[in-house]
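For the protein sequence lines, the chains are Z and F, in the order given.
Per my numbering, residue -5 is the first one in the first sequence, and the count goes up by one each step.
Per my numbering, residue 218 is the first one in the second sequence, and the count goes up by one each step.
The beta-carbon is built from N, C-alpha and C at its ideal position, and this holds for glycine as well.
Here's the structure, in structure tokens; my notes come after.
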Amino acid sequence: MSEALLPLLLAVPLAGSMLMLVLPGPLAERIAAQLGVVVAGATTVVAGWAAAAAEDVDVAWVPSLGLRFHLGIDGISAPLVLLTAGLTFLCLVYTLRVRPAAGRLRALVGLVLLLEVGMLGTFVALDLLLFFVFFEVVLLPMWFVIAQWGDDTVPGARVAAANKFILYTLLGSAVMLLGILLVRAETGTFDMVALAEADGAGMSRGVQILAFLALALGFAVKAPMWPLHSWLPDAHTSAPTIGSVLLAGVLLKMGTYGLVRIALPIVPEGAEVLAPFLGAFAVVGIIYGALACLAQRDLKRLIAFSSVGHMGFVLLGIATLTPVGVNGALFANVAHGLITGLLFFLVGAIKDRHHTADLEELGGGLYDRAPRLGGLLVFGAIASVGLPGLAGFWGEMLALLGAFDPDPALHRGYFLVLMGLAGLGVVLTTVYLVTLVRRVAQGQSVARWRDAVLLGDATPAELAVWSPIVVLVLVLGLWPALLLDVTDPVVRSVLGG
Amino acid sequence: MDRIQSIDYLAIAPPLIVALTAIGVLVLDLFLPAGRKAVVGWIGIAGLGVAALMLFPLAGERDQHRATFCVPGEGLVLPACSYVVDDLTLVFQALVLAGAVVVLLLSLDTVRDSRLPAGEYSFLLLASVAGAVTLAASRDILTLVVALEVVSLPAFALVALRRFDSRSSEAALKLFLVSVVSTAVMLFGLSLIYGLTGAVHLDRIATALADPGVRGPAATLGVVLAIAGFGFKVAAVPFHFWAPDTYEGAPVPIAAYLSVVSKAAGFVGLALLLTVGFEPYADVWAPAVAVLAAVTMTVGNLVALRQRHAVRLLAWSSIAQSGYMLVPLGSAGRADSSVADVLPATVAYVLAYAVMNLGAFAVVTLVGRHRAANRIEDYRSLGRTEPLTAFALAFSLACLAGLPPGLLGLFAKVVVFQAPIEQGVGWLAVVMAVNVVIGLYYYLAWAAVLYARAPDTSPAAVRPPSYRISVSDGLAIGITLGASLWLSVLPRMVLEALD
Chain Z
-5 MSEALLPLLL AVPLAGSMLM LVLPGPLAER IAAQLGVVVA GATTVVAGWA AAAAEDVDVA
55 WVPSLGLRFH LGIDGISAPL VLLTAGLTFL CLVYTLRVRP AAGRLRALVG LVLLLEVGML
115 GTFVALDLLL FFVFFEVVLL PMWFVIAQWG DDTVPGARVA AANKFILYTL LGSAVMLLGI
175 LLVRAETGTF DMVALAEADG AGMSRGVQIL AFLALALGFA VKAPMWPLHS WLPDAHTSAP
235 TIGSVLLAGV LLKMGTYGLV RIALPIVPEG AEVLAPFLGA FAVVGIIYGA LACLAQRDLK
295 RLIAFSSVGH MGFVLLGIAT LTPVGVNGAL FANVAHGLIT GLLFFLVGAI KDRHHTADLE
355 ELGGGLYDRA PRLGGLLVFG AIASVGLPGL AGFWGEMLAL LGAFDPDPAL HRGYFLVLMG
415 LAGLGVVLTT VYLVTLVRRV AQGQSVARWR DAVLLGDATP AELAVWSPIV VLVLVLGLWP
475 ALLLDVTDPV VRSVLGG
Chain F
218 MDRIQSIDYL AIAPPLIVAL TAIGVLVLDL FLPAGRKAVV GWIGIAGLGV AALMLFPLAG
278 ERDQHRATFC VPGEGLVLPA CSYVVDDLTL VFQALVLAGA VVVLLLSLDT VRDSRLPAGE
338 YSFLLLASVA GAVTLAASRD ILTLVVALEV VSLPAFALVA LRRFDSRSSE AALKLFLVSV
398 VSTAVMLFGL SLIYGLTGAV HLDRIATALA DPGVRGPAAT LGVVLAIAGF GFKVAAVPFH
458 FWAPDTYEGA PVPIAAYLSV VSKAAGFVGL ALLLTVGFEP YADVWAPAVA VLAAVTMTVG
518 NLVALRQRHA VRLLAWSSIA QSGYMLVPLG SAGRADSSVA DVLPATVAYV LAYAVMNLGA
578 FAVVTLVGRH RAANRIEDYR SLGRTEPLTA FALAFSLACL AGLPPGLLGL FAKVVVFQAP
638 IEQGVGWLAV VMAVNVVIGL YYYLAWAAVL YARAPDTSPA AVRPPSYRIS VSDGLAIGIT
698 LGASLWLSVL PRMVLEALD
């Protein structure tokens, strides 16, 4: 039974998505959201069960390609699988009450479930080509979600943003495919477990560098790493709320997960050579993201740029090649998924109420108008700053700690400089988030909103969706071992002890 | 020595049945009243079906390697055969016959609506198919050339059948001139090869070319000219100029035929000639084909970006796809592997391409019946009114782009990518990677139109289209969609066609 869990994990949302396609239109439109919640709920249950059972599946799919349907779940993937299933579930629950303005719920729910198949598949695939397939599965659904349900105040903007997203990502993943095929050409297998155990054996140093470069390029576009991030702010600005939540909460993690799961263990020599560059780009991303945030006028764009900075910490942790740094990266991955997911929910709620996310137009006084919404925004902001006691703290702290004492193969002085610069980034992050809180939450409402009748505070339904995230942010902040104990043993074995 | 040949009729049954059906429908057409002409189309389909059935006994005993029209060996020279039934033959014959069935299904309504002569139409199409089926089994250069001409000659007439439309005549003339010139070029190249080797059978040519005494500028020129000749047939850049105009001017099912069946025939001829006949010259032709592949896909994709007309877009996209198909051949013969190693990748891509491109053409034919202009804009909101048809087109486009859920296209691209990487032609793989991204843009833009909301201010004329779909069109769309869905889940039939 338990060996069927992982296929079931993918089959449930896939079946749900197919159901949306084949059900007769009017009926499906009426029950789409409810059905979506049931399917996503079932997926979450299966995800929890599968994570506990941790049973591998390995069946040949396309022998001539060497493609095997090889799935597995361990300490690195389990947190991300649970994050994916949970956030998708919450997004669909959110859709129950907060209907998208563009309507067409059936198609939206179907696409979100298909997206979930891709995201979950990416995290549980143990065959390089299968990983690639799932990596690509997310593209079209996300493209449609942005292009069809996105913000269309500027005509054509959402399609342009969606195109930018898919073309950037595809260019990255096409190069990544070359890397995957190069690995296979040299070693004769796509099996990630066997390749990780081989620890780069069978590949010359030059091949490893080339393969790491190709693989990392694909992951770096997805993560996104500066200077390959420019699709992200546009995509977030245009995406509907649940699109933004899943994009920031899960899709970005596919890039950093790929680095930890594939690039580091399979081509370790390549990683050693190129890690300093990765670290440098990561730190530039941290500082660039923070500075860009200071200059933003749009709330969604601001959170998007903050993601560039936060993912910079994740990349820095990975670049240290140490268990501490990589654990920090994985922790920051999950924390960022929760916190930014929450922030995008909140910003979406603010935008729905004001029909704008422009900071000037919003003015201050959110506490005044909508105390619960304002309070949650401040909670999200300080969690994002990395206040100790909240989830945002540990990951970034461990990433910096990793940079303080990087892998012996790396130049320590260099990484100390990176650590110092990243520390500066932390300060800048604090500055812009505190500024944000002051500008949006505090002060007096401008006249335009003071008299507006429609502006309500967070509804019970919204609170029901957001409170699990708030609780998890607190729990992980107060009890980081909950996550670190899961990731640490696997990280150590991935990094070769 | 036995100089009287015995012909293996089972081996040649597929082309024979198609050819007999062709003559049959032409004669039958004379005796049919004007209102019953549609029958010839169905008889043609039945004939193709029977021919396809003959492939089963052949496939069942394929280990025997049936061959016919052989010359006996003398001394050290092995016997050689002109018509050989091997895996490659069977796979391509199946492809050609199945593709032709879909084309004929799509043609039924086109013939009726455009008042094309039904008997001639079916006859010409079946005659061309007979050539394509023969081509797959040809193993000497004379049979190859004759079969290729049998494919092409009826095609000129088919393109020209829309006599009321001057674009149709222009398209036919273009195709005719280009084809004649390319045949002349190819014949010149092949005659050089024949003069140097004294052989017509591909395996004997290979043996003779391997002799260092033969190697020289004349043989190289012969090889290059022969490639150029086939370059026209498969619409590789810079021999592609005829394709967009011809596709646009021809009846849409004929455009589908040219871009799938006729192109597949060109590819099988090229692949046989290069990997069998010119095998010792791989070091000469592989780099040339690699450059041809890179230029073809890049030009095809870049020009496709600017197309607003559905058939022209598919024409340019199919030029780009030709580039992908050439990639494995372009990376042949490196890294101490046998030249024939790249053959399965080419075959796999041609098969996958045939399924997905026919799927796109099936829907384009259908829309073209209602919107003669057939611009991309005419597909706006098709997803609202014709969800299944729109899904079929969207899925075909996803396959052509190589993006999930179009897994068939993705797997086919992976197979093609594997060849240059394993053979160490990295630059070609990188060029192709960039091209895949460019290609995505226009496929996606088209798919987006399918599901876009109609502008609110639209006059009634731009109302989203809703059609009554005839049985034959429904079957054609159903067959291609079913095949591409099935092969997306279980692609072994395509990817391991030669195993």
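- The shortest C-alpha to C-alpha distance from Z/Phe159 to any of Z/Leu466, Z/Ile280, Z/Gly237 and Z/His64 is the one to Z/Gly237.
- Under the three-state reduction of DSSP, Z/Glu456 is assigned to helix.
- In this structure Z/Asp292 is buried. Its beta-carbon is surrounded by 16 or more other beta-carbon atoms within 10 angstroms.
- Neighbourhood of Z/Ala229 in chain F, by CB distance below 8 Å: empty, with the nearest CB roughly 15 Å away.
- Per the Cβ contact rule, the region 540 to 548 of chain F is in contact with the region 627 to 644 of chain F (3 or more Cβ pairs under 8 Å).
- Only those residues of the region 644 to 658 of chain F whose C-beta falls short of 8 Å from the nearest C-beta of chain Z are listed: Ala646, Val647, Ala650, Val651, Val653, Val654, Leu657 and Tyr658.
- With fewer than 16 other CB atoms across the displayed protein chains lying within 10 angstroms of its CB, Z/Gly19 is exposed.
- Around the beta carbon of F/Val688, fewer than 16 other beta carbons lie within 10 angstroms, which makes this residue exposed.
- In the DSSP assignment, F/Ser355 is bridged to F/Tyr300.
- Secondary structure within the region 83 to 163 of chain Z: the alpha helix (DSSP H) runs of 4 or more consecutive residues, fully enclosed, are 99 to 118, 122 to 131 and 133 to 143 (chain order).
- The beta-carbon of Z/Gln142 is placed less than 8 Å from the nearest beta-carbon of chain F.
- Burial is judged here by how many other beta carbons sit within 10 angstroms of a residue's own beta carbon; Z/Glu130 has at least 16 and is buried.
- For the region 222 to 270 of chain Z, not one full-length beta strand (DSSP E) segment reaches 3 residues or more.
- Considering only Z/Cys287, Z/Gly243, Z/Gly279 and Z/Gly342, the residue with the shortest C-alpha distance to Z/Gly331 is Z/Gly243.
- Considering only beta carbons, the part of the region 147 to 160 of chain Z lying closer than 9 Å to chain F consists of Val153, Ala156, Asn157 and Ile160, in chain order.
- The region 36 to 47 of chain Z makes no contact with the region 146 to 158 of chain Z: fewer than 3 CB pairs, one atom from each, lie closer than 8 Å.
- The three-state reading of DSSP puts F/Thr285 in strand, counting E and B together.
- Looking only at Z/Ala192, Z/Gly173, Z/Lys216 and Z/Val187, the smallest Cα-Cα distance to Z/Gly200 is reached by Z/Gly173.
- No Cβ of chain F is located within less than 8 Å of the beta carbon of Z/Val106.
- Beta-carbon to beta-carbon, Z/Ala195 and Z/Val261 are separated by about 11 Å, too far to satisfy the 8 Å threshold.
- Excluding five sequence positions before and after Z/Trp388, the CB atoms of its chain that fall closer than 6 Å to its own CB belong to Phe325 and Pro474, given in chain order.
- For F/Glu465 and Z/Arg295, the gap between their C-alpha atoms comes out near 45 Å.
- For F/Phe405, no beta strand (DSSP E) encloses it; the enclosing alpha helix (DSSP H) starts and ends at Ser383 to Thr414.
- Z/Ala364 and Z/Gly374 have their C-alpha atoms some 15 Å from each other.
- Under the three-state reduction of DSSP, F/Val267 is assigned to helix.
- In the displayed model, F/Asp225 falls within coil according to three-state DSSP, outside both helix and strand.
- Residue state for Z/Arg366 is assigned as helix, using DSSP reduced to three classes.
- Taking C-beta separations shorter than 7 Å and ignoring five residues to either side along the sequence, the partners of Z/Val6 in its chain run Val33, Ala36, Thr37 and Val40, following chain order.
- Using beta-carbon distances, Z/Glu23 does not count as an interface residue toward chain F, since no partner is under 8 Å.
- Taking the beta carbon of F/Phe628 as reference, the chain Z residues within 7 Å of it are Val56 and Leu59, listed in sequence order.
- For the region 162 to 192 of chain Z, the set of positions with a beta-carbon nearer than 8 Å to some beta-carbon of chain F reads Leu164, Leu165, Ala168, Val169, Leu171, Leu172, Leu175, Leu176, Arg178 and Ala179 in chain order.
- Contact between Z/Gly303 and Z/Gly279 holds: their C-beta atoms lie close to 7 Å from each other, under 8 Å.
- In the DSSP assignment, Z/Val56 falls within the beta strand (DSSP E) that extends over Val51 to Val56.
- Assignment of F/Arg551 by DSSP, reduced to helix, strand and coil, places it in the coil class.
- By the C-beta density criterion, Z/Val372 is buried, having at least 16 other C-beta atoms within 10 angstroms.
- Scanning F/Asp280, F/Lys480 and F/Ile444 for the CA closest to the CA of F/Phe495 turns up F/Ile444.
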